[in-house]
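Participant: First, the structure itself, so that you have it in front of you.
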Amino acid sequence: MRRRPAHYHIFSWPKGAGSFVFARSILKMEDGSLIASMYGRFLGDNCDRSILVRSTDCGTTWKFFSTIAYQPDVGGEGLNEPGVVQLANGDLFCIMRNQSGKPMWTARSNGLGQTWKNLIRAPQHAVSVFPDLTPMENGVLACSFGRPGCHIMFSIDGTGEQWTSRTTIFEGPSTCYTAIREVVSGKLLYVYDVRFAHQRLRLMVTPAGWGKVKEGQFNCICGVFVTVRRKEG
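Counting from 134, one number per residue, gives the positions in the sequence shown under the working numbering.
Below you can see the structure in the form of structure tokens.
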């Protein structure tokens, strides 16, 4: 893939590359390189895999770096929609979708993303799509996710090994694709969408807000602040 300096992009797909899309995360490493998460399929794959690509020219070109996870026996879509962060100890941590309505999966790397291990199914309540991760200044690792509903959970020690029960931010018609960022120390901005009908801005009757937007419908982007305080003792 190569980016041109004008107002357009040219993408090339070498033989065997299959099809991949960027998903969520771009991290700057200590050596100045960038790594980004993608998902898709190589030629011959039976389900989705999550991968990292790497750039040494500020994102102009990208090359395959590593496979985070490819596990056909997990069923569903495979492992896709990866969110990747670097933890306080330098490890990379990834959480991935498996299928709408099913728990997500996690993996970690102590090799700066070159090798991955500990593929583990997330808790049963960690359902199910496009997770987002934010390491907070107070040491907590936050994760937003959803479908059905829009939720958030926390790894109190920041490792991603243990998670709290989920807190529901919104239940209703939504794609349940969410995002979180720490805007000031201890406070997250949580962003999600809501499906409305034009008539009096009423919510749609159906709880499924991730289908095609029909005539008379629209999706509204909403945000709430979430304050996170560590309980001492």
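Heads up, the beta-carbon is just placed ideally off N, CA and C, and yes, glycines get one too.
Residues in its own chain within less than 6 Å of P256 by CB, not counting five upstream and five downstream?
Facilitator: Residue 256 sits at position 123 when you count from the first residue of the sequence shown. Within the same chain, P256 has close Cβ partners W296.
Participant: Would DSSP call D326 helix, strand or coil?
Facilitator: Numbered from 1 along the sequence shown, position 193 holds the residue referred to as residue 326. Strand at D326.
Participant: Cβ of F351 within 8 Å of Cβ of Y310?
Facilitator: In the sequence shown, counting from the first residue as 1, residue 351 sits at position 218. In the sequence shown, counting from the first residue as 1, residue 310 sits at position 177. Result no, Cβ atoms of F351 and Y310 do not sit closer than 8 Å.
Participant: For S298, count the other beta carbons within 10 Å of its own beta carbon; 16 or more makes it buried, fewer makes it exposed. Which is it?
Facilitator: Counted from its first residue, the sequence shown places residue 298 at position 165. Exposed, since its Cβ has fewer than 16 Cβ neighbours within 10 Å.
Participant: Quick one: residues in its chain with C-beta nearer than 7 Å to the C-beta of G356, no 5 flanking neighbours on either side, listed in chain order?
Facilitator: By one-based count along the sequence shown, residue 356 stands at place 223. Contacts found: L322, Y323, V324.
Participant: Is the shortest distance between the beta-carbon of E365 and the beta-carbons of chain B less than 8 Å?
Facilitator: Given the protein chain composition of this structure (a single chain), no chain B is represented.
Participant: With contact counted as at least three CB pairs below 8 Å, one residue from each stretch, are the segment 201–209 and the segment 229–249 in contact?
Facilitator: Judged by Cβ distances under 8 Å, the segment 201–209 makes contact with the segment 229–249, as three or more pairs qualify.
Participant: So what does F358 bridge to, in DSSP terms?
Facilitator: Numbered from 1 along the sequence shown, position 225 holds the residue referred to as residue 358. The partner list for F358 (beta bridge, DSSP) reads L322.
Participant: Pick out whichever of R174, L167, C283 has its Cα sitting closest to the Cα of I354.
Facilitator: Numbered from 1 along the sequence shown, position 221 holds the residue referred to as residue 354. The candidate whose alpha carbon is nearest that of I354 is C283.
Participant: If I measure Cβ to Cβ from A312 and keep anything under 6 Å in the same chain, skipping five residues before and after, which residues do I get?
Facilitator: Locating residue 312 in the sequence shown gives position 179, counting from the first residue. Closer than 6 Å at Cβ, skipping near neighbours: D265, V324.
Participant: Return the Cβ separation of L212 and Q219 in integer angstroms, given the expectation that the two are a contact with Cβ distance under 8 Å.
Facilitator: Residue mapping note: residue 212 aligns to position 79 of the sequence shown, counting from 1. Residue mapping note: residue 219 aligns to position 86 of the sequence shown, counting from 1. Not a contact, Cβ separation roughly 20 Å.
Participant: Mind checking which residues open and close the beta strand (DSSP E) that includes C227?
Facilitator: Numbered from its first residue, the sequence shown carries residue 227 at position 94. 225–230 is the span of the beta strand (DSSP E), which, as asked, contains C227.
Participant: What does the Cβ neighbour count give for M171, buried or exposed, with the cut at 16 atoms within 10 Å?
Facilitator: The residue you call residue 171 lines up with position 38 of the sequence shown. Result: buried.
Participant: Determine the contact status of L176 and S199, defining contact as a CB-CB distance below 8 Å.
Facilitator: Numbered from its first residue, the sequence shown carries residue 176 at position 43. Numbered from its first residue, the sequence shown carries residue 199 at position 66. Their beta carbons are not under 8 Å apart, which means L176 does not touch S199 by this criterion.
Participant: Going straight from the alpha carbon of G234 to that of T301, what length do you get?
Facilitator: Start at 1 with the first residue of the sequence shown, and residue 234 comes out as number 101. Start at 1 with the first residue of the sequence shown, and residue 301 comes out as number 168. If I take the Cα positions, the gap works out to 15 Å.
Participant: Note down, in chain order, each residue of its chain lying with its Cβ closer than 8 Å to the Cβ of S166, except the 5 sequence neighbours on either side.
Facilitator: Position 33 of the sequence shown, counted from the start, is the residue given in the question as residue 166. Answer for S166: R187, S188, T189, listed in chain order.
Participant: Looking at the secondary structure, which residues open and close the beta strand (DSSP E) in which D265 lies?
Facilitator: Against the sequence shown, residue 265 aligns to sequence position 132. Taken as a continuous stretch (DSSP letters only), the beta strand (DSSP E) holding D265 covers 262–268.
Participant: Please return the same chain residues whose Cβ sits closer than 6 Å to the Cβ of F303, not counting the five positions on each side in sequence.
Facilitator: To locate residue 303, count along the sequence shown from 1; it is residue 170. C283, Y325, listed in sequence order.
Participant: Taking just the CA atoms, how far does L245 sit from E214?
Facilitator: Translated into positions along the sequence shown, residue 214 becomes position 81. Translated into positions along the sequence shown, residue 245 becomes position 112. Computed Cα separation, rounded: 20 Å.
Participant: Sorted by chain position, which residues of the same chain lie with C-beta nearer than 8 Å to G319's C-beta, five sequence neighbours on each side aside?
Facilitator: To locate residue 319, count along the sequence shown from 1; it is residue 186. Result list for G319: M269, E270, N271, T360, V361, R362, in chain order.
Participant: Can the beta-carbon of L274 be found closer than 8 Å to that of G293?
Facilitator: On the sequence shown, residue 274 is found 141 positions in, with the first residue counted as 1. On the sequence shown, residue 293 is found 160 positions in, with the first residue counted as 1. In this structure, G293 lies closer than 8 Å to L274 by Cβ.
Participant: With C-beta atoms as the reference, is N179 less than 8 Å away from G209?
Facilitator: Position 46 of the sequence shown, counting from 1, holds the residue named residue 179. Position 76 of the sequence shown, counting from 1, holds the residue named residue 209. Not closer than 8 Å, so no.
Participant: Does DSSP put D178 in a helix, a strand or coil?
Facilitator: As a first step, residue 178 must be located in the sequence shown, where it is residue number 45. The answer is coil: DSSP assigns D178 none of H, G, I, E or B.
Participant: Would S254 and W343 qualify as a contact pair, given that the criterion is a beta-carbon distance under 8 Å?
Facilitator: Translated into positions along the sequence shown, residue 254 becomes position 121. Translated into positions along the sequence shown, residue 343 becomes position 210. The question names Ser, but residue 254 in the sequence shown is Arg. No, the pair does not count as a contact, with Cβ atoms beyond the cut-off.
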